[in-house]
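Student: Before I ask anything, here is the structure I am working with.
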Amino acid sequence: MRSCRQCRDAKRKCIPGAGSALSAPCDRCLRHHLPCSHAQASLVRTRTLNARRPGSQSSTESQTRAKRVDDFLADDGSVAVLVHEYLSKIHGRPHSIFHDATLWKDIRDRQASRALILAICAMGAHVSNQPTLRALEPLLTAESKRLLQIDLEHVCLANIQTCILVANLCVAHANPSSEFLFFLSHELRIRIWWALFAADNWCSSSLGFPRQMRDWPRPARLPMDEHLFADMTPDEPFYDPTAPCRSPGLWAHMATLTEVFSPIQELNWRAANSEGLHPDQIEQDTDRLAQQLDDWQSRLPGDVQLTESNLIEHSKRGTGGTFMGLHLGFHHYATLLFYQYLDTRSTQTVRARQFAARCKHHALSYSTWLARGRKQPGCEAVYPTVGHMAIVSSSVLLHTLLFGGENELPQSRHCLEANFEALLELGEYWPIVKTMINRLMEFQNNCLLLSHRHHTHRLDRWMVRFLFEYALPLEDKAIDPHTALEMEIISAQAHIFTQNGRLPAFGPARFF
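Set out below in structure tokens:
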């Protein structure tokens, strides 16, 4: 094969590309996104062939969509030209989701999915200078979307890449009569955005990954009232996309609450890593976040406050699950915020002792309302993260059982029992709950080893991972070897705790 014109002009060796059988660009043009003459020659041949068949356009229009798509995919030259157009003009700008040489190889070896190739070529057709190729864009887009929908449940890299491209294609076709101008579609997009935002907080935290949506601009308004949303018609017009939400719903309050989660997590990591923070500074930061939680709670409308009557009312209205999830999240966030003050070394000031008391209060409240919701029809909370929140609540209750006053024991023991009943139920639905319970068993064992030092709840890196990274394996906690005397003390204290009813009567055998 002769060198392409670009390599000859640059006096460089021309190496055929991986897709040479498809008249793809050479390696050098591919790397530098140059208009390789090899690909251009293919386009000329295609145009010449079409010019010799004056009746081809009318005959093509009479073919079925499937036949037209098959004909296009069989035309290696046109495919190569449009793939090159996409890679050279679009890829690497709004997104970077392909390795060029690998993509060409997959196309050459017929390994790339039809939906993906069609989406790539549809993007390339958008920016093609050739009218015949530009005219293919609607056909390629429609067929790519159809094939993607058929295979949507197959979670794989190719389908994710196709989804990104199809999303870009859909945005490119926005027009005055599009679905974006209907209120229902706009509200759905707002709700999906906030659902992704919440998932970014929770999933990133549970897997130990950095967040991706931290600095993304927020939607112009918050989700609307759930009943107004349910009563909307699909063709209800949308007038002002920038207008504030006049009737915020439960998910609107969920969204504003989620904003506090990441700062709480960051404060815990900073405190655990001892990043030059003075205890006074940590207390001030804790107090600032506590004020944000208090302000959030005080701004809730009367019918959204956590009361028995509101729980029953939301149960009747069909929003009991959302209502319960909102308040369980609030008590969990507050428990996480104050958790470090359960360590006796952190309660040297009046404010620190108040924080410790608030941690116990929210852990009890979480357990109490979780149990109450399980008894109220329509208010059940049975998604996986409820299990993790119950584990965190239980770890606080365990602290009270070990070190709390006699007057605190009955309620703490009762709430701990209620948490375990909820975990039993959740374990029937979600396999990960078994892992969560094992983590709590490990936590209890560590408490027994450290109880004589009263350092069971010291906030170190292990503890932060226990509190946040619930989807990852938890390594053994590094504990200094014990002397024979210490082991005797541990054994004696374990006996005392059991005799006094301060050790919960649970274990792995009870759950599995």
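In terms of UniProt numbering, the sequence shown is numbered consecutively and its last residue is 512.
Yeah, the Cβ is synthetic: ideal placement off N, Cα and C, and Gly gets one too.
Whether or not the stretch 120-138 and the stretch 75-87 are in contact is what I'm after, with contact meaning three or more pairs of Cβ atoms, one per stretch, closer than 8 Å; do they touch?
Tutor: Contact holds: three or more Cβ-Cβ distances are below 8 Å.
Student: According to DSSP, is M436 part of a helix, a strand, or is it coil?
Tutor: Sequence index remark: in the sequence shown, residue 436 carries index 436 (1-based). Reduced to three states, the DSSP call for M436 is helix.
Student: Provide the residue span of the alpha helix (DSSP H) that contains E406, from first to last.
Tutor: Position 406 of the sequence shown, counted from the start, is the residue given in the question as residue 406. Premise fails: E406 is in no alpha helix (DSSP H) and is neither H nor E.
Student: Which ranges would you report for the alpha helix (DSSP H) in the stretch 124-148 if only whole runs of at least 4 residues count?
Tutor: The qualifying runs are 131-134.
Student: State yes or no: is the C-beta of R311 within less than 8 Å of the C-beta of C379?
Tutor: Along the sequence shown, read from residue 1 onward, the residue named residue 311 stands at position 311. Along the sequence shown, read from residue 1 onward, the residue named residue 379 stands at position 379. First, the amino acid is wrong: residue 311 is Leu here, not Arg. Yes, they are a contact pair.
Student: Measure the C-alpha to C-alpha separation of R465 and R218 and round it to an integer number of angstroms.
Tutor: Within the sequence shown, the letter at position 465 stands for residue 465. Within the sequence shown, the letter at position 218 stands for residue 218. So the two alpha carbons sit approximately 29 Å from each other.
Student: According to DSSP, is P377 helix, strand or coil?
Tutor: Position 377 of the sequence shown holds residue 377. Note: P377 maps to coil in three-state DSSP.
Student: Run through DSSP, which three-state label would M324 get?
Tutor: Along the sequence shown, one-based indexing puts residue 324 at 324. Three-state DSSP puts M324 in a helix.
Student: Kindly give me the distance between the Cβ atoms of L342 and A356, rounded to whole angstroms, as I take these residues to be in contact under 8 Å.
Tutor: The count along the sequence shown starts at 1 and reaches residue 342 at position 342. The count along the sequence shown starts at 1 and reaches residue 356 at position 356. About 6 Å; that satisfies the 8 Å criterion.
Student: Whole angstroms is fine: what's the gap from H222's alpha carbon to I190's?
Tutor: The residue labelled residue 222 in the question sits at position 222 within the sequence shown. The residue labelled residue 190 in the question sits at position 190 within the sequence shown. Looking at the sequence itself, residue 222 is Leu, so the reference to His does not match. In a straight line, the C-alpha of L222 is about 7 Å away from that of I190.
Student: Between the C-alpha atoms of F209 and E308, what's the straight-line distance to the nearest angstrom?
Tutor: Position 209 of the sequence shown holds residue 209. Position 308 of the sequence shown holds residue 308. Near 38 Å, if we compare the C-alpha coordinates of E308 and F209.
Student: How many Å lie between N463 and Q376 at the Cα?
Tutor: Sequence index remark: in the sequence shown, residue 463 carries index 463 (1-based). Sequence index remark: in the sequence shown, residue 376 carries index 376 (1-based). For the sequence presented, residue 463 should be read as Met rather than Asn. If I take the Cα positions, the gap works out to 34 Å.
Student: Kindly indicate which three-state DSSP category P248 falls into: helix, strand or coil?
Tutor: On the sequence shown, position 248 is the one that residue 248 refers to. The answer is strand: DSSP assigns P248 an E or B state.
Student: For R28, is the classification buried or exposed, using 16 other Cβ atoms within 10 angstroms of its Cβ as the cut-off for buried?
Tutor: In the sequence shown, residue 28 corresponds to position 28, counting from 1. It is buried - the Cβ of R28 has at least 16 other Cβ atoms within 10 Å.
Student: Would you call A290 buried or exposed, if buried means 16 or more other Cβ atoms sit within 10 Å of its Cβ?
Tutor: Indexing the sequence shown from 1 puts residue 290 at position 290. Flag for A290 reads buried.
Student: On the CB-based measure, 16 or more other CB atoms within 10 Å of its CB, does Y86 come out buried or exposed?
Tutor: Position 86 of the sequence shown, counting from 1, holds the residue named residue 86. With 16 or more other Cβ atoms within 10 Å, it is buried.
Student: Pop quiz: L416 and L397 are said to be a contact at Cβ under 8 Å. What is the actual Cβ separation, rounded to whole angstroms?
Tutor: Indexing the sequence shown from 1 puts residue 416 at position 416. Indexing the sequence shown from 1 puts residue 397 at position 397. About 4 Å; that satisfies the 8 Å criterion.
Student: Below 8 Å between beta carbons: does that hold for R211 and D200?
Tutor: Numbered from its first residue, the sequence shown carries residue 211 at position 211. Numbered from its first residue, the sequence shown carries residue 200 at position 200. Yes.
Student: Just verifying my parser: in three-state terms, what is the DSSP assignment at M232?
Tutor: Against the sequence shown, residue 232 aligns to sequence position 232. Of the three classes helix, strand and coil, the one that applies to M232 here is coil, per DSSP.
Student: Ignoring anything shorter than 4 residues, give me the alpha helix (DSSP H) runs that lie fully in the stretch 285-325, in order along the chain.
Tutor: For the stretch 285-325, whole alpha helix (DSSP H) runs of length 4 or above, ordered along the chain, are 308-317.
Student: Within 10 angstroms of the Cβ of N445, are there 16 or more other Cβ atoms? Answer buried if so, exposed if not.
Tutor: Within the sequence shown, residue 445 is the residue found at index 445, counting from 1. Result: exposed.
Student: Can you tell me which of the three DSSP states M441 falls into?
Tutor: For the purposes of this step, residue 441 is taken as the residue at position 441 of the sequence shown. Correct three-state label for M441: helix.
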